[in-house]
């Protein structure tokens with residue numbers, strides 16, 4: 024039982040660390056997926072080298088952590104506010120063609136990263152051609168180009 028409590032404590036600690044470190048740290052991986060992979064790999068390693076002395080204990084901990092992950096996804100599904108607390112909200116970086124420096128600083132994203140995302144997704148290579156850009160919860164930057172009507 025002690026290992027289950029230790030595992031849950033580590034899970035919560037790692038979630039806090041990744042939440043604080045920012046969205047760009049985890050591009051395309053949710054914090055929960057990354058935490059689960061890190062802990063499962065460590066538990067599996069301990070069981071394989073017999074430092075844990077119990078395959079049953081390792082299996083129990085993996086099942087507990089996977090259960091926590093599933094439970095959190097259910098909570099996020101039924102209570103949208105929980106998703107905002109656990110994963111945060113997308114953060115606008117460019118609105119109506121204007122760079123939002125404060126949000127860029129919060130996300131540790133510079134102009135070149137926005138332009139790189141614009142080139143990859145929209146074929147845009149000038150900031151003037153970007154209407155909106157947002158750093159999403161998964162760390163990716165989504166870009167909406169200016170239309171001809173936007174000028």
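Numbering (the working numbering), first residue to last: 24 to 174.
Even for Gly, the Cβ is constructed at its ideal location relative to N, Cα and C.
Small disclaimer: the values here were computed from a predicted structure and weren't measured.
Whole-angstrom distance between residue j and residue i, CA atom to CA atom
i	j	result
residue 106	residue 159	13 Å
residue 146	residue 110	29 Å
residue 58	residue 80	19 Å
residue 95	residue 56	11 Å
residue 102	residue 108	10 Å
Which listed residue (the options) has its alpha carbon closest to that of residue i
i	options	result
residue 113	130, 101, 65, 85	130
residue 124	157, 152, 111, 141	157
residue 126	54, 92, 62, 164	164
Nearest-angstrom beta carbon gap, residue j and residue i [assumed within contact, 8 Å]
i	j	result
residue 134	residue 122	7 Å
Backbone secondary structure at residue i - three-state DSSP
i	result
residue 152	helix
residue 64	helix
residue 79	helix
Of all the beta strand (DSSP E) runs that stay within the bounds of the segment 88-141, which reach a length of 3 or more residues? Whole beta strand (DSSP E) segments, 3+ residues: 114-118.
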